[in-house]
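*Asks:* Residue numbers (my numbering), protein chains in the order written: chain A, 5 to 79; chain B, 11 to 159. Built from N, CA and C at the ideal position, the CB exists for glycine as well.
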Amino acid sequence: MAEHHIENCIRRLRFDADEMTQAELARRSGVTRQTIVAIEKAKYAPSLELAFQIANVFGMPLEQVFTFTGGNENE
Amino acid sequence: MSYQEKNITASLVALIIVLAAFYSRVSTMYLGGRFDGPEGLILLGKTGLVLIGVSILAVIAATIVLSIVYATITGDAKPSEVVDERDRLIERRGAQISDIATGFGFIGAMVALVSGMAAVPVFFIIALSFFGGELIAGHAKLTTYRLSL
Numbered sequence: 005m006a007e008h009h010i011e012n013c014i015r016r017l018r019f020d021a022d023e024m025t026q027a028e029l030a031r032r033s034g035v036t037r038q039t040i041v042a043i044e045k046a047k048y049a050p051s052l053e054l055a056f057q058i059a060n061v062f063g064m065p066l067e068q069v070f071t072f073t074g075g076n077e078n079e
Numbered sequence: 011m012s013y014q015e016k017n018i019t020a021s022l023v024a025l026i027i028v029l030a031a032f033y034s035r036v037s038t039m040y041l042g043g044r045f046d047g048p049e050g051l052i053l054l055g056k057t058g059l060v061l062i063g064v065s066i067l068a069v070i071a072a073t074i075v076l077s078i079v080y081a082t083i084t085g086d087a088k089p090s091e092v093v094d095e096r097d098r099l100i101e102r103r104g105a106q107i108s109d110i111a112t113g114f115g116f117i118g119a120m121v122a123l124v125s126g127m128a129a130v131p132v133f134f135i136i137a138l139s140f141f142g143g144e145l146i147a148g149h150a151k152l153t154t155y156r157l158s159l
């Protein structure tokens with residue numbers, strides 16, 4: 005699998021959201037719990053649409069949930 | 011275990027059972043000379059069609075049975091049937107792996123044919139490569155799920 009450069013703070017956001025479970029986040033995002041687990045571990049980079057959906061669940065802008073850490077490879 | 015993982019597991023179990031039964035029966039028929047002569051190829055074609063039909067039915071039956079067993083064990087009467095983008099990605103990768111494995115099997119069968127092997131064993135090799143491709147792909151997909159890749 006390709007190395008991902010997208011990190012996230014979903015674990016902390018779930019904690020702040022009254023310990024929202026992964027299953028609840030998955031249900032509200034329309035994905036499986038396993039996908040949420042993989043995203044939290046930064047082992048799977050979600051599509052832009054799913055990233056927006058997850059950010060939407062927490063009522064936050066996308067860039068406060070996901071961060072690109074790869075830098076500019078053209079530099 | 012997600013909905014897709016259960017389906018893959020059921021498919022793998024069903025395919026292994028069908029494959030074992032098929033090769034046990036067909037090898038007996040082959041050794042008994044049932045595929046010899048002009049009627050042999052017709053019988054071979056029928057056997058292939060039966061194999062495809064039985065495989066599909068076995069996968070469906072195994073999926074249903076596993077769902078019932080899983081629901082009984084976990085007590086979850088209405089398990090989630092969500093299939094998301096990651097499931098579809100893993101499915102596509104599995105299909106690619108299956109295609110590659112099947113392709114190698116087909117090339118192997120052609121090499122066997124060129125080497126002078128009879129048509130009937132070559133047919134078995136091709137059938138085995140299809141099953142083998144599915145088994146390898148299923149295993150790869152399950153591994154991907156289990157490792158949260």
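Can you check whether the C-beta of Thr-36(A) is within less than 7 Å of a C-beta belonging to chain B?
*Replies:* For Thr-36(A), the answer is yes, since a Cβ of chain B falls inside 7 Å of its Cβ.
*Asks:* Roughly how many angstroms separate the alpha carbons of Val-121(B) and Ile-136(B), rounded to a whole number?
*Replies:* Spanning the two alpha carbons is a distance of roughly 11 Å.
*Asks:* Quick check: what's the CA-CA separation for Leu-29(A) versus Leu-22(B)?
*Replies:* Looking at the two C-alpha atoms, the distance is approximately 30 Å.
*Asks:* Below 7 Å CB to CB, which residues in the same chain sit around Thr-57(B) once its five sequence neighbours on both sides are set aside?
*Replies:* Val-36.
*Asks:* Rounded to a whole number of angstroms, what is the C-alpha to C-alpha distance between Pro-65(A) and Val-69(B)?
*Replies:* Looking at the two C-alpha atoms, the distance is approximately 44 Å.
*Asks:* Leaving out the 5 sequence neighbours to the left and right, which residues in its chain are closer than 6 Å to Gly-63(B) when beta-carbon positions are compared?
*Replies:* Same-chain partners within the cutoff: there are none.
*Asks:* With distance defined between alpha-carbon atoms, name the residue in Arg-32(A), His-9(A), Gln-26(A) nearest to Gln-38(A).
*Replies:* Cα-wise, what sits closest to Gln-38(A) is Gln-26(A).
*Asks:* Against chain A, which members of the segment 83–100 of chain B pass a CB distance test of less than 9 Å?
*Replies:* Of all residues in the segment 83–100 of chain B, Ser-90, Val-92, Val-93, Asp-94, Glu-95, Arg-96, Asp-97, Leu-99 have a Cβ within less than 9 Å of some Cβ in chain A.
*Asks:* Cutting at 6 Å between CB atoms, please list the residues of its own chain near Thr-73(A), excluding the five before and the five after it.
*Replies:* Closer than 6 Å at the Cβ level, and outside the excluded window around Thr-73(A), lie His-9, Glu-11.
*Asks:* Name, in chain order, the residues that DSSP records as bridge partners for Phe-70(A).
*Replies:* BP columns for Phe-70(A) point to Asn-12(A).
*Asks:* Measure the alpha-carbon distance for Lys-151(B) versus Gly-104(B) and round it to whole angstroms.
*Replies:* Taking the straight line joining both Cα atoms gives about 6 Å.
*Asks:* Could you have a look at Pro-65(A) and say whether DSSP puts it in helix, strand or coil?
*Replies:* Coil, per DSSP.
*Asks:* Have a look at Arg-3(A) and Ala-55(A) and give me their C-alpha separation to the nearest angstrom.
*Replies:* This structure cannot settle anything about residue 3(A), because the visible part of chain A is limited to 5 through 79.
*Asks:* Go through its chain and collect everything with a Cβ distance to Leu-76(B)'s Cβ below 7 Å, but skip five positions before and after it.
*Replies:* The residues are Lys-16, Thr-19, Ala-20.
*Asks:* Taking Cβ-Cβ distances shorter than 7 Å, what residues in chain B pair up with Leu-54(A)?
*Replies:* Chain B residues near Leu-54(A): Glu-95.
*Asks:* Can you give, in chain order, each stretch of the alpha helix (DSSP H) that sits fully within the segment 12–96 of chain B and has at least 4 residues?
*Replies:* Whole alpha helix (DSSP H) segments, 4+ residues: 13–41, 48–84.
*Asks:* Note down the Cα distance separating Asp-46(B) from Val-124(B), rounded to an integer number of angstroms.
*Replies:* Cα to Cα, Asp-46(B) sits roughly 20 Å from Val-124(B).
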